[in-house]
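Trainee: Mind having a look at this structure? Questions to follow.
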Amino acid sequence: MKIQSLLPLFFVPLAFNAQTKKTATDNRLATDLDKMVQKEAVAYMQDPARVGISIGIFKDGKSYFYNYGTTEIGKSELPTSQSPYEIASITKTFTGTLLAHALVDGKIKMDDDIRKYLDGNYPNLEFEKHPITIGNLTNHSSGLPQFLPDQSETFKKPMDSVALALSDFYKNYSKKNFYEDLHQAKVDFVPGTEYKYSNVGTQIAGDILEKVYHTSYENLLSEYITKPLKMNHTIIGTNSAQLLTRYNEKGKIMPRNFTTIFAPAGGIISTTGDLVKYMQYHLDENNKYVKASHTPFVKSEGDAIGLYWRLHTYEDGTETVYHTGGTFGFSSVLQIYPSKNMGVVVLSNESDGESQGKLHDIADNILRNSSKK
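Every letter in the sequence shown is one number past the one before it in the UniProt record's numbering, and letter 109, counting from 1, is 109.
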């Protein structure tokens, strides 16, 4: 299967050129790491569309935090390590971590037919008698669509209006509606043989977790991840009063993320302070649940996918474990080097066609350059 990769406020004088935009930051520029972060962050913030970013780093057993820009256009309010951002599809790694618990504890098997856990009859969830398995859900090889119902026509509209259209459509969309629409989903290849990114598959994975543990996804998140790791600012939902204002590349305020039925696929709100704790947890590959979540269900050439985690091995043999995220208005990346005991998370309250990739580059450059020192 081929896999596609995907404090006090002050101004720091910058040494690019006369037109360089001054960027508000709390970076004190006191260490080599500070200067490395400054170089990457300021280059990113030069795009007039950028609003604010928060960076968290775990390195050599210590945590470091940096913030740039503003929480809202027109305000001089620097984000902090406690500023809540939508982390979008990074949420899928939380679902993968919970699946690792279910797998290691014998509650599920990766080759289970997902229909074992669904109410009703779904003869459509197979191709030529090959069923969709839980493992297929975790590496996006199920053949299920990105959204239910199919939203391909919505995405043909001008991008400014897509977020509003989707937000309006899903405002009253229930889990009952979801499973009614699932009867119409069509799988057009043998599950496990092709890559097709699917939020739908992760929504189902969340429901399977609820069924085998007999409790809500929110309770599982609290019991197994946020409470033991003391991630007190990590929640599910779209109504956090402190959530930063979200923007597209035109500076237009975007609507809030969809309803809680999307929680397992992209519904978590978090902070760099909390996500550094989460990275620290995932750097411990002696932990059986962490190890399981980083292990690919299917071996593949080049990059691979564990339980939603993306896995990439560089030419020098160093492996990175990561995931990016993007909603209409937020972009994010979380990336770790288990062998270097180091990780970087970058969160932004602006989203455009390039932001996720550029945030990934920031994290990658910080990790690779720091590990050389």
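The C-beta atom is built at its ideal place from N, Cα and C for all residues, glycine as well.
Owing to the predicted nature of the structure, the values given are computational and were not obtained by experimental measurement.
(1) In whole angstroms, give me the CA-to-CA distance for Pro84 and Thr91.
(2) Skipping 5 residues on each side, what residues in its chain have a beta carbon closer than 6 Å to that of Lys175?
(3) Between which residues of its own chain and Asn369 is the CB-CB distance below 8 Å, once the five residues before and five after are set aside?
(4) Check whether the Cβ atoms of His282 and Val321 sit closer than 9 Å, and answer yes or no.
(5) For Thr245, write down the residues that DSSP places opposite it in a beta bridge.
(6) May I ask you to report which of helix, strand or coil DSSP gives residue 374?
(7) Among the candidates Leu137, Ala205, Val162 and Met279, whose CA atom is the shortest distance from the CA of Lys196?
(8) At the level of alpha carbons, what is the spacing between Ala292 and Lys252?
(9) Using a Cβ cut-off of 9 Å (strictly closer), state whether Lys211 contacts chain C.
(10) From Lys171 to Ser161, what distance separates their C-alpha atoms?
(11) Let's test the definition: count the other Cβ atoms within 10 Å of the Cβ of Asn232 and tell me whether it reaches 16, buried, or not, exposed.
(12) In the DSSP output, what is Ile55 paired with across the bridge?
(13) Find out if the Cβ-Cβ distance for the pair Pro296, Glu319 is shorter than 9 Å.
(14) Counting beta carbon pairs with one atom in the segment 92-106 and one in the segment 60-70, are three or more of them shorter than 8 Å?
(15) Return the chain-ordered ranges of every alpha helix (DSSP H) run that is complete within the segment 76-155 and spans a minimum of 4 residues.
(16) Helix, strand or coil: which one does DSSP assign to Thr260?
(17) Count the other CB atoms, across all protein chains shown, that sit within 10 Å of the CB of Asn139; report buried if there are 16 or more and exposed otherwise.
(18) Rounded to the nearest angstrom, what separates Ile236 and Thr313 at their Cα positions?
(19) Between the beta-carbon of Ser89 and the beta-carbon of Thr272, is there less than 9 Å?
(20) Taking C-alpha atoms, which residue in Ala43, Glu315 and Lys358 lies nearest to Val333?
(21) Kindly indicate the opening and closing residues of the beta strand (DSSP E) around Tyr308.
(22) Helix, strand or coil for Ala185, going by three-state DSSP, please let me know.
(23) Let me know the secondary structure DSSP gives His214 once reduced to three states.
(24) Taking Thr320 as part of the beta strand (DSSP E), name the residues at either end of that continuous run.
(25) Quick one: using the 10 Å Cβ neighbour count with 16 as the cut-off for buried, is Pro228 buried or exposed?
(26) Apply the 10 Å Cβ neighbour rule to Met45 and answer buried if 16 or more other Cβ atoms are within range, or exposed otherwise.
(27) Which residues share a DSSP beta bridge with Leu334?
(28) According to the neighbour-count rule (16 or more other Cβ atoms, all chains shown, within 10 Å of its Cβ), is Met254 buried or exposed?
Mentor: Looking at the coordinates:
(1) 14 Å
(2) Ile261
(3) Met36
(4) yes
(5) Answer is none; Thr245 lacks a bridge partner.
(6) Nothing in the structure corresponds to residue 374, since the chain is present only between 1 and 373.
(7) Leu137
(8) 41 Å
(9) As a matter of chain content, chain C is missing from the structure shown, which is built from one protein chain.
(10) 15 Å
(11) exposed
(12) Tyr66 and Val346
(13) no
(14) no
(15) 91-104 and 134-138
(16) helix
(17) buried
(18) 32 Å
(19) no
(20) Lys358
(21) It is not in any beta strand (DSSP E) - Tyr308 carries neither H nor E in the DSSP assignment.
(22) coil
(23) coil
(24) Glu319 to Thr327
(25) exposed
(26) buried
(27) His323 and Val345
(28) buried
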